[in-house]
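The structure under discussion appears below in the form of structure tokens.
There are 2 protein chains.
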Amino acid sequence: MRAWSIEKPGGREVLKQIEVEKPVPKQGELLIEVKAAGVNRTDTLTRQNTGLSRPYPILGIEVSGVVAENQSTDPDLNAGTRVCGLVNHGGYGEYVIMPADRAMILPDELTFEEGAAIPEVFLTAYQTLYWLGELEEKEKILIHAAGSGVGTAAIQLASQLSQATIFATAGHPEKLEKAKELGAHVLVNYKEESFDERVNEVTEGAGVDVILDFIGASYWEMNLESCAVDARWVLIGTLGGSEVAEVSLGDLMKKRIALKGTLLTPRSDAYKAQLSKEFAEIAMPLFKEKQLKPVVHTVIPFKELPEAHRIMEDNENTGKIILKVSD
Amino acid sequence: MRAWSIEKPGGREVLKQIEVEKPVPKQGELLIEVKAAGVNRTDTLTRQNTGLSRPYPILGIEVSGVVAENQSTDPDLNAGTRVCGLVNHGGYGEYVIMPADRAMILPDELTFEEGAAIPEVFLTAYQTLYWLGELEEKEKILIHAAGSGVGTAAIQLASQLSQATIFATAGHPEKLEKAKELGAHVLVNYKEESFDERVNEVTEGAGVDVILDFIGASYWEMNLESCAVDARWVLIGTLGGSEVAEVSLGDLMKKRIALKGTLLTPRSDAYKAQLSKEFAEIAMPLFKEKQLKPVVHTVIPFKELPEAHRIMEDNENTGKIILKVSD
Numbered sequence: 008m009r010a011w012s013i014e015k016p017g018g019r020e021v022l023k024q025i026e027v028e029k030p031v032p033k034q035g036e037l038l039i040e041v042k043a044a045g046v047n048r049t050d051t052l053t054r055q056n057t058g059l060s061r062p063y064p065i066l067g068i069e070v071s072g073v074v075a076e077n078q079s080t081d082p083d084l085n086a087g088t089r090v091c092g093l094v095n096h097g098g099y100g101e102y103v104i105m106p107a108d109r110a111m112i113l114p115d116e117l118t119f120e121e122g123a124a125i126p127e128v129f130l131t132a133y134q135t136l137y138w139l140g141e142l143e144e145k146e147k148i149l150i151h152a153a154g155s156g157v158g159t160a161a162i163q164l165a166s167q168l169s170q171a172t173i174f175a176t177a178g179h180p181e182k183l184e185k186a187k188e189l190g191a192h193v194l195v196n197y198k199e200e201s202f203d204e205r206v207n208e209v210t211e212g213a214g215v216d217v218i219l220d221f222i223g224a225s226y227w228e229m230n231l232e233s234c235a236v237d238a239r240w241v242l243i244g245t246l247g248g249s250e251v252a253e254v255s256l257g258d259l260m261k262k263r264i265a266l267k268g269t270l271l272t273p274r275s276d277a278y279k280a281q282l283s284k285e286f287a288e289i290a291m292p293l294f295k296e297k298q299l300k301p302v303v304h305t306v307i308p309f310k311e312l313p314e315a316h317r318i319m320e321d322n323e324n325t326g327k328i329i330l331k332v333s334d
Numbered sequence: 008m009r010a011w012s013i014e015k016p017g018g019r020e021v022l023k024q025i026e027v028e029k030p031v032p033k034q035g036e037l038l039i040e041v042k043a044a045g046v047n048r049t050d051t052l053t054r055q056n057t058g059l060s061r062p063y064p065i066l067g068i069e070v071s072g073v074v075a076e077n078q079s080t081d082p083d084l085n086a087g088t089r090v091c092g093l094v095n096h097g098g099y100g101e102y103v104i105m106p107a108d109r110a111m112i113l114p115d116e117l118t119f120e121e122g123a124a125i126p127e128v129f130l131t132a133y134q135t136l137y138w139l140g141e142l143e144e145k146e147k148i149l150i151h152a153a154g155s156g157v158g159t160a161a162i163q164l165a166s167q168l169s170q171a172t173i174f175a176t177a178g179h180p181e182k183l184e185k186a187k188e189l190g191a192h193v194l195v196n197y198k199e200e201s202f203d204e205r206v207n208e209v210t211e212g213a214g215v216d217v218i219l220d221f222i223g224a225s226y227w228e229m230n231l232e233s234c235a236v237d238a239r240w241v242l243i244g245t246l247g248g249s250e251v252a253e254v255s256l257g258d259l260m261k262k263r264i265a266l267k268g269t270l271l272t273p274r275s276d277a278y279k280a281q282l283s284k285e286f287a288e289i290a291m292p293l294f295k296e297k298q299l300k301p302v303v304h305t306v307i308p309f310k311e312l313p314e315a316h317r318i319m320e321d322n323e324n325t326g327k328i329i330l331k332v333s334d
């Protein structure tokens with residue numbers, strides 16, 4: 008089968024198409040014939056990871072496709088079933104192994120390209136909003152990087168599941184337009200104004216209950232200013248740097264802020280299984296009814312993977328970049 | 008009635024005994040004849056608070072005593088009942104108002120001096136360990152300032168309620184000896200060794216699940232090193248400074264740390280009531296059976312309050328400083 012790996016850790020030029028044997032599923036696993044794969048920032052980081060050694064992995068951590076072989080005891084996942092879900096690696100290949108307990112059945116209403124746009128960003132958004140952010144009905148939430156995959160998913164979930172008041176930040180008008188369409192209420196172009204001032208103004212000084220922070224260091228002070236008392240501030244990325252020059256713990260204490268760092272990819276199999284199960288029950292039906300929509304920025308043909316990484320690394324996308332693996 | 012207030016914000020010399028009218032309880036409140044009051048760091052901070060204006064309050068936020076008047080509908084709290092609990096202010100006076108829903112009935116086995124040593128430190132420790140730290144059975148916990156009031160309470164609760172493995176730090180051998188007696192397993196004199204190295208050694212690199220941090224800035228790096236993956240790091244004091252230079256958010260994310268700032272005193276009445284109720288149900292019976300013990304460092308006569316503040320400010324105490332208000 009065809010797959011994408013790397014020649015050695017490095018830039019986009021190291022991406023390498025290879026020919027390998029189909030993987031063989033063990034007890035509890037599915038073999039999936041991959042139709043589409045999501046392209047994620049973690050893939051570009053893996054590509055550059057000098058800690059890796061040979062044999063280098065097949066990249067890709069989420070797919071949609073059709074079950075080719077079911078080695079689990081779940082009869083709902085027999086061969087021919089359309090599914091999507093997280094894989095530990097190997098998503099950029101014609102076949103991949105997926106632990107059966109994290110496969111989510113793909114409603115017929117969704118294409119495979121849409122299905123591949125769901126797992127990573129919606130599960131991350133769900134985990135961040137609910138398991139860590141403890142977002143409650145009608146609370147106020149600040150979502151940065153509103154045009155990103157996780158941002159567009161989080162806006163929809165916060166809107167549809169919690170009727171939250173949503174503050175969204177991005178640097179391009181079209182990303183903010185999309186955020187509005189998906190359910191955001193207050194739009195802030197960070198190139199033109201300070202979001203903490205808008206939060207302060209709109210909430211009359213009360214602040215927001217939850218922050219989804221992909222930015223980190225460069226927004227530290229403004230995020231702190233935006234927090235309400237008892238705010239949950241979930242840190243899921245450091246696009247704006249990782250080192251904060253000065254942190255005042257007194258402010259964290261006075262506002263009783265819970266600052267929670269998280270990453271989905273390195274979590275345990277059991278965690279991913281439980282998250283997938285809860286999400287499939289609560290949110291998958293809403294995709295059927297079009298209340299939730301996978302946001303696909305572009306679909307890239309299999310042989311043009313380096314271009315998909317370029318779009319990701321240049322932050323050009325609003326929503327997901329999808330690699331079309333087979334028809 | 009006699010009470011202690013301040014002449015103006017400042018050092019111990021501003022503490023001033025005054026003569027005032029007995030307070031009058033409203034619906035839902037108790038009038039308590041105060042027998043003993045706990046002396047807390049928050050009292051010394053209130054004493055110095057230049058944000059206060061006249062009339063200055065009567066200091067003190069926890070007492071034990073006897074119900075003098077019951078304006079609630081709870082028949083268990085009728086006049087004559089021995090109680091202890093948090094008050095919003097006024098603890099250093101012969102009578103004080105306490106919302107009835109946070110009064111905890113004092114078992115006959117405990118003296119009033121012991122009763123006044125329970126609310127603030129045990130409720131803070133309980134809130135920190137369980138509501139914020141989410142300490143689970145047999146987890147590993149690092150407790151700083153092990154000789155402090157909250158430290159001695161937290162060691163007992165973590166030991167008796169959760170069979171936790173307890174790492175305790177302090178700067179004096181006698182405080183560590185006390186910590187051991189109360190249930191701590193690994194004792195670290197911070198003047199002689201680095202606690203993160205001991206944690207690393209004893210846990211074989213795994214780290215601790217929960218940190219109770221009263222220290223803040225000066226321990227930042229070592230606390231971060233001590234955290235296990237998915238650790239809960241609860242910040243309840245900044246004795247070692249509040250400003251941390253160069254914080255790495257990447258480390259917080261990689262270890263998926265939840266850093267939670269908290270303070271008990273400014274919490275809402277409803278929060279204090281719920282915390283008192285849960286604590287009274289779960290932990291008060293253990294005081295009766297001597298599995299939990301109030302740790303009283305010294306009992307100071309009413310007229311000698313400034314000496315009580317001196318002991319607190321010089322960090323001389325292992326456990327609580329109690330003001331004896333009346334016989």
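Line by line, the protein sequences are chains A and Y.
Under the working numbering, the first residue of the first sequence is numbered 8, with each subsequent residue one higher.
Under the working numbering, the first residue of the second sequence is numbered 8, with each subsequent residue one higher.
Virtual Cβ for every residue (Gly too), placed ideally from N, Cα, C.
Computed from a prediction, not measured in an experiment: that's the story for all the values here.
Item                                                                                                                                     : Value
DSSP bridge partner residues for residue 11/Y (one or two, in chain order)                                                               : 24/Y
CB contact check: residue 255/Y to chain A, cutoff 8 Å                                                                                   : yes
C-beta atoms of residue 318/Y and residue 328/Y nearer than 8 Å                                                                          : yes
Residues bridged to residue 76/A (per DSSP)                                                                                              : 38/A
Touch test, the segment 109-122 of chain Y against the segment 38-54 of chain Y, Cβ-Cβ under 8 Å, three pairs minimum                    : yes
Outcome for residue 267/Y when other beta-carbon atoms lying within 10 angstroms are tallied against a minimum of 16                     : buried
Listed by chain order, chain A residues near residue 249/Y by CB distance under 7 Å                                                      : 255, 256, 257
Neighbourhood of residue 104/A by C-beta distance below 6 Å, restricted to the same chain and skipping five residues each side           : 30, 32, 36
Host alpha helix (DSSP H) of residue 300/A (start-end)                                                                                   : Run containing residue 300/A: none; DSSP gives neither H nor E here.
Chain Y within 8 Å of residue 229/A, Cβ atoms only                                                                                       : no
Beta-bridge partners of residue 331/Y, as assigned by DSSP                                                                               : 43/Y, 308/Y
Neighbour-count burial assignment, residue 108/A, 16 or more Cβ in a 10 Å radius                                                         : buried
Alpha-carbon to alpha-carbon, residue 136/Y and residue 163/Y                                                                            : 11 Å
Proximity test, Cβ basis, 8 Å: residue 264/A and chain Y                                                                                 : yes
Start-end ranges of the alpha helix (DSSP H) lying completely within the segment 90-155 of chain Y, minimum 4 residues                   : 119-122, 126-133
Coil, strand or helix - residue 209/A by DSSP                                                                                            : helix
Endpoints, the beta strand (DSSP E) within which residue 196/A is located                                                                : 193-196
The segment 217-245 of chain A: positions lying closer than 7 Å to chain Y by Cβ                                                         : 223, 224, 242, 245
Test: residue 136/A CB closer than 8 Å to a CB of chain Y                                                                                : no
Closest by C-alpha distance to residue 21/A, when choosing among 313/A, 282/A, 321/A, 332/A                                              : 313/A
Assigned secondary structure, residue 202/A (DSSP; H/G/I helix, E/B strand, else coil)                                                   : helix
Backbone CA spacing between residue 6/Y and residue 334/Y [nearest angstrom]                                                             : Residue 6/Y lies beyond the residue range present for chain Y, which begins at 8 and ends at 334; the question has no answer from this structure.
Contacts around residue 324/A, its chain only, beta-carbon distance under 8 Å, and the 5 residues preceding and following it disregarded : 154, 155, 156, 304, 305, 318
Pairwise C-alpha distance: residue 263/Y and residue 149/A                                                                               : 20 Å
Within-8 Å CB hit, residue 279/A to chain Y                                                                                              : no
Under 9 Å by beta carbon: chain Y residues contacting residue 252/A                                                                      : 252, 253, 254
C-beta neighbour in chain Y for residue 272/A, strict 8 Å                                                                                : no
Residue 239/A, DSSP secondary structure in three states                                                                                  : strand
Residue 69/Y burial status per 10 Å Cβ neighbour count (16 or more: buried)                                                              : buried
Separation of residue 206/Y from residue 216/Y, as counted between CA atoms                                                              : 11 Å
Under 8 Å by beta carbon: chain A residues contacting residue 269/Y                                                                      : 260, 263
For residue 31/A, three-class secondary structure by DSSP                                                                                : coil
Segment contact flag, the segment 249-259 of chain A with the segment 235-252 of chain Y, C-beta cutoff 8 Å, min 3 pairs                 : yes
With 16 other Cβ atoms within 10 Å as the buried cut-off, status of residue 52/Y                                                         : exposed
Where residue 181/A falls: helix, strand or coil (DSSP)                                                                                  : helix
Chain-order list of residues whose beta-carbon lies under 8 Å from that of residue 56/Y (same chain, five-residue window excluded)       : 16
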